[in-house]
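Numbering (the UniProt record's numbering), first residue to last: 1 to 691. Working notes, beginning with the structure itself.
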């Protein structure tokens, strides 16, 4: 008989921990929460200090029965759920369900699932932290009060099946406001003049800077012509040469937010996928002879703090593998910022010695890619800054000044391992200029004026939206991925080319929320609520007080909305064709995934069709059908013949309406990291990339 019972959330985590603890310990999984508020009703007694009504989650009866049986046989029970608010709440619910004393030393927490960390945590069990539980409970009740009060109103006044939530409503607002900025944007014209110059046989580029020591902006073609007229001949004189040494520091180790952003940029992962893979790496991977090992630390964190043990191990590894000069001079052991809760370390490998190539055979392709990203980011964060030699040269022709900038990596430092990505995909390039001195003469090879127009702000990608939510203090590490997933499932936004676009449904619901529940979608108000949850966690505020302050005003908004909100009729738009089954007109309807066509004779006729988007290309396989844009079950766009299933032609790349000049086969637009390239599907023909 096992002397001790340990309860965790997942079977994978249970398997890893049981191996470290030995035969006296039996480790079982609760499969997440065992109790929650009922789905059939609000479950919050607003007349009695917001007392929650918790019930056993449907389907969890057998799990709970098994845990109770095991608990009766154990001398002591340890609750080892994840080390955050959610994990603390899971432990509290388990303690209630198993009739445990919540104030006994039954709770163990660890930031990484390694042998040393597990054994050390069991030496220091503690009581359940009720401040953490109260913070989680307050969030849960706030979300329930909002969702279960506003959603029925939306069902009645707008459309059945709608819902509203605290954090996702703010996220939708940000996306809608960005779309309005884009639609209202008025582009402004501006010009540049780029030149190619020669110093001997060495060519380099420079751009117009201004006149003498004054920077000049070129707004019109007339401005450009005035400058060109002031230039005489092809000879330019080197007026000034400025050489500097610039240091570039590495990025800090990952937080949850920065991990989601970088995985989106470099690996093309959605936030949900990143967190799923990170959970697997944290809970443990079977490494063959080494057994099951947790490869990374806990992945829900807003801190960049690193333990002394990890810092020392990193220093040793870097010195042994790269040399002493690659060691960082300063110990980087600071939390992220004043907003950071700093409850856990940064996301890092549990051991820097476990290089990605040594675990490659045990990981799936995507697990390896994410682990490699985390390992490289952490390793680079503990390395010396890169040193760049920079050179700036001003070229003079009459009063006209052109400026050339060049740089060269003098010492790679952290860049030997990893360089942080960016949303605009700029890269550090070696772009060294020829050896130029003041007074030197260079020849103008070519001058090219270019017209430009200012661009509107970009739509939000998942990475940009996560970054914005974090900066505004909306949500916490554990909420970003579920929030983005929810607003898409509700049909309030859609992804187009990996960028969020609001749907008509999203805009309708947003307008209602703006008019009747302005505080719910107010960014500052939502951020203050998040700070209130932090105060509860810190023991500075009671959960009842926070909810009471919110609900009193919210209830008044609710009463006004119930009385004054008019029913919004979403009229069906004629589709311009008849139903092939009953002959009635087809109409456009708004569904969970956007618009679709349906018969207007519903419910007598239930015929529906996807909206077909033709791209103007004949099918290269059957020569009869037309190529149309389709979407896979995972909402990924692909292209196929409209005669499917008679013709099974499909392509993930967009076909274009001309043939390859080399072999006469199909040409497609291939999406690359920096633009689109036209390629042949058969031969090696390629055209220049389009940005």
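We put the CB at the ideal spot given by N, CA and C, even for glycine. Quick caveat: nothing in here was measured; it's all calculated off a predicted structure.
Own chain, CB closer than 6 Å to residue i, minus 5 neighbours either side, in chain order
{"i": "residue 182", "result": "456"}
{"i": "residue 525", "result": "519"}
{"i": "residue 3", "result": "24, 75"}
{"i": "residue 390", "result": "244, 246, 407"}
{"i": "residue 337", "result": "Only weak support exists for where residue 337 lies, its pLDDT of 47 falling under 50; the coordinates are left without a value."}
{"i": "residue 428", "result": "Annotation note: pLDDT 49 at residue 428 (below 50); position unreliable, no value reported."}
{"i": "residue 11", "result": "29"}
Distance, residue j Cα to residue i Cα
{"i": "residue 448", "j": "residue 267", "result": "37 Å"}
{"i": "residue 416", "j": "residue 478", "result": "32 Å"}
{"i": "residue 393", "j": "residue 320", "result": "40 Å"}
{"i": "residue 632", "j": "residue 495", "result": "13 Å"}
{"i": "residue 197", "j": "residue 421", "result": "32 Å"}
{"i": "residue 657", "j": "residue 667", "result": "8 Å"}
{"i": "residue 335", "j": "residue 310", "result": "With a pLDDT of 47 at residue 335, under the threshold of 50, the modelled position of this residue cannot be trusted; read the value that follows with caution. Cα-Cα distance, rounded: 15 Å."}
{"i": "residue 600", "j": "residue 39", "result": "33 Å"}
{"i": "residue 85", "j": "residue 290", "result": "32 Å"}
{"i": "residue 583", "j": "residue 617", "result": "29 Å"}
{"i": "residue 351", "j": "residue 296", "result": "8 Å"}
{"i": "residue 379", "j": "residue 318", "result": "8 Å"}
{"i": "residue 280", "j": "residue 298", "result": "11 Å"}
{"i": "residue 308", "j": "residue 254", "result": "17 Å"}
{"i": "residue 419", "j": "residue 262", "result": "11 Å"}
{"i": "residue 89", "j": "residue 563", "result": "38 Å"}
{"i": "residue 359", "j": "residue 376", "result": "14 Å"}
{"i": "residue 184", "j": "residue 572", "result": "28 Å"}
{"i": "residue 411", "j": "residue 381", "result": "16 Å"}
{"i": "residue 685", "j": "residue 639", "result": "21 Å"}
Residues of its chain near residue i, where Cβ-Cβ distance is below 7 Å and the 5 sequence neighbours each way are ignored
{"i": "residue 687", "result": "677, 678"}
{"i": "residue 426", "result": "Below a pLDDT of 50, predicted positions are generally treated as unreliable, and residue 426, at 46, falls in that range; the measurement from the model is reported next regardless. Result list for residue 426: empty, nothing under 7 Å."}
{"i": "residue 286", "result": "292, 362"}
{"i": "residue 413", "result": "326, 383, 384, 385, 386, 387"}
{"i": "residue 510", "result": "172, 173, 176"}
{"i": "residue 162", "result": "151, 154, 155, 509"}
{"i": "residue 585", "result": "574, 578, 600"}
Which listed residue (the options) has its alpha carbon closest to that of residue i
{"i": "residue 643", "options": "17, 619, 655, 684", "result": "619"}
{"i": "residue 613", "options": "626, 622, 317, 465", "result": "626"}
{"i": "residue 300", "options": "277, 309, 312, 648", "result": "277"}
{"i": "residue 187", "options": "219, 411, 205, 670", "result": "219"}
{"i": "residue 284", "options": "20, 522, 147, 544", "result": "20"}
{"i": "residue 158", "options": "508, 436, 483", "result": "508"}
{"i": "residue 409", "options": "397, 433, 567, 396", "result": "433"}
{"i": "residue 474", "options": "451, 71, 167, 578", "result": "167"}
{"i": "residue 611", "options": "589, 111, 208", "result": "589"}
{"i": "residue 227", "options": "497, 486, 636, 398", "result": "398"}
{"i": "residue 273", "options": "561, 537, 462", "result": "462"}
{"i": "residue 106", "options": "91, 22, 203", "result": "91"}
{"i": "residue 128", "options": "108, 147, 143", "result": "108"}
{"i": "residue 344", "options": "365, 256, 189", "result": "256"}
{"i": "residue 58", "options": "669, 36, 258", "result": "36"}
Where the alpha helix (DSSP H) containing residue i begins and where it ends
{"i": "residue 375", "result": "365 to 381"}
{"i": "residue 636", "result": "It is not in any alpha helix (DSSP H) - residue 636 carries neither H nor E in the DSSP assignment."}
{"i": "residue 309", "result": "308 to 322"}
{"i": "residue 184", "result": "166 to 184"}
Beta-carbon proximity list for residue i, same chain, < 8 Å, skipping 5 on both sides
{"i": "residue 94", "result": "7, 30, 34, 67, 79, 81, 100"}
{"i": "residue 622", "result": "641, 643, 646, 647, 649"}
{"i": "residue 149", "result": "42, 554, 558"}
{"i": "residue 671", "result": "653"}
{"i": "residue 16", "result": "113, 283, 284, 292, 293, 294"}
{"i": "residue 339", "result": "With a pLDDT of 45 at residue 339, under the threshold of 50, the modelled position of that residue is not reliable, and the figure given next carries that caveat. 302, 473, listed in sequence order."}
{"i": "residue 538", "result": "131"}
The beta strand (DSSP E) enclosing residue i, as first and last residue numbers
{"i": "residue 702", "result": "Shown here, the chain extends from 1 to 691; a query on residue 702 therefore has no answer."}
{"i": "residue 615", "result": "613 to 618"}
{"i": "residue 6", "result": "4 to 8"}
{"i": "residue 670", "result": "666 to 672"}
{"i": "residue 397", "result": "386 to 397"}
{"i": "residue 405", "result": "400 to 411"}
{"i": "residue 201", "result": "Note, residue 201: premise wrong, no beta strand (DSSP E); not H, not E."}
{"i": "residue 656", "result": "654 to 659"}
Closer than 7 Å to chain B by CB, residue i
{"i": "residue 454", "result": "Annotation note: the requested chain B is absent from the structure, which comprises a single protein chain."}
Quiz item: Which ranges does the alpha helix (DSSP H) cover as unbroken runs of at least 4 residues, wholly within the stretch 217 to 277, from first to last along the chain?
Solution: As summarised for the stretch 217 to 277, the continuous alpha helix (DSSP H) elements at least 4 residues long and confined to that stretch are 221 to 229, 256 to 267, given in chain order.
Exercise. Starting from the N-terminal side, write out each stretch of the alpha helix (DSSP H) that is 4 residues or longer and does not extend beyond the stretch 461 to 522.
Key: Listed in chain order, the complete alpha helix (DSSP H) runs (minimum 4 residues) inside the stretch 461 to 522 are 462 to 472, 480 to 489, 504 to 516.
Practice problem: Let me know the beta strand (DSSP E) ranges lying completely inside the stretch 60 to 132, each 3 residues or longer, listed in chain order. | Solution: DSSP runs (the beta strand (DSSP E)) wholly in the stretch 60 to 132: 76 to 79.
Practice problem: Let me know the alpha helix (DSSP H) ranges lying completely inside the stretch 524 to 587, each 4 residues or longer, listed in chain order. | Solution: Within the stretch 524 to 587, the complete alpha helix (DSSP H) runs of at least 4 residues fall at 543 to 564.
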